[in-house]
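In what follows, a structure is listed as structure tokens, so that the remarks can point back to it.
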Amino acid sequence: MIISYEGHHPIKVSDGKVTFIKVANSAVYRDFILSFQGKSDKVKFFDEHYNQLEKNKFIDWVGDVLITQDCLNSYLTKIISNLFENISEKHRNRIFDKWRQLSTDIQDIIFMTDLPIEVNENVDLKKLFKFDGIHFDDSVLSDPYAIIETVVKIHIECKLNSVVTFANVSHYLTKEQLNNLITFVKEVNVPLILMEFSSPNFKVVSGDSRVCYIDEDFVDWY
């Protein structure tokens, strides 16, 4: 992917690399954030042949890992669908058997009443997954690094092709965690964009990453 902002050097986003976009100009920062959110077209997205890409299909804007509400929970529907599509025949049959037994037990209880009600014997696996209360561990929901890593893993597990994009992660991650994140992204070979409002040398990272900086005077530093 190539990110284009008029008058500035194009930013290349590659598999296996963390792309840091650091900005010290509030107007530029606003343009990037609004464009990532799909509320502006000042920042555009292209493939390697410069065919324009639809933001909603190719950018997964998460934003601030702690401020964005339900950051992880918004993926649960996709996760449940993925589980449903990939469940083995063995597990599917086991669930059906247990559901039939549960339905029988519930129907026995209903027979004790004098009401014209019955159990629906049709099994909807997706509803069962939701009914079972699938959720993320609370410890993950309060750990910025764990949230970022989990979102990336969700993209891999659910085969989502959009590029995960976070904002202001340096507010929460140590230099060591940033470097660990670079290593992790390289290992799983997916792209990741981190948007920051900061000075050029704020938490300088090592490893295989790409750092792009636009200073307060609109000058590019790469």
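Residue numbers (numbering that gives the first Met the number 0): 0 to 221.
Beta carbons: idealized from backbone N, C-alpha and C, even for Gly.
These numbers were taken from a predicted model, which means no experiment stands behind them.
Applying the criterion that 16 or more other CB atoms from any shown protein chain within 10 Å of the CB defines a buried residue, is residue i buried or exposed?
i	result
residue 0	buried
residue 212	buried
residue 23	buried
residue 103	exposed
residue 2	buried
residue 177	buried
residue 49	exposed
Which whole-angstrom value describes the C-beta separation of residue i and residue j, a residue pair presumed to lie in contact below a C-beta threshold of 8 Å?
i	j	result
residue 143	residue 172	6 Å
residue 58	residue 35	6 Å
residue 146	residue 71	6 Å
residue 195	residue 169	6 Å
residue 135	residue 61	Contact doesn't hold; Cβ gap of about 14 Å is too wide.
residue 39	residue 33	4 Å
Flag this pair as yes or no: are the beta carbons of residue i and residue j separated by less than 7 Å?
i	j	result
residue 30	residue 41	yes
residue 7	residue 219	yes
residue 21	residue 197	yes
residue 19	residue 210	yes
residue 167	residue 69	no
residue 74	residue 133	no
residue 108	residue 116	no
residue 157	residue 89	no
Go through its chain and collect everything with a Cβ distance to residue i's Cβ below 7 Å, but skip five positions before and after it.
i	result
residue 17	180, 181, 184, 191, 193, 208
residue 187	151, 155
residue 105	118
residue 12	0, 2, 18, 162, 190, 192
residue 65	143, 171
Suppose the cutoff is 6 Å on Cβ atoms and the five residues either side in sequence are ignored; what does the same chain contact list for residue i look like?
i	result
residue 83	124, 125
residue 120	102
residue 28	22, 196
Which same chain residues end up closer than 8 Å to residue i when comparing Cβ atoms and leaving out the 5 residues on each side of it in sequence?
i	result
residue 221	8, 210, 211, 212
residue 128	79, 82, 83
residue 14	188, 189, 190
residue 55	37
residue 159	59, 77, 153
residue 5	41
residue 46	0, 1, 52
residue 91	124
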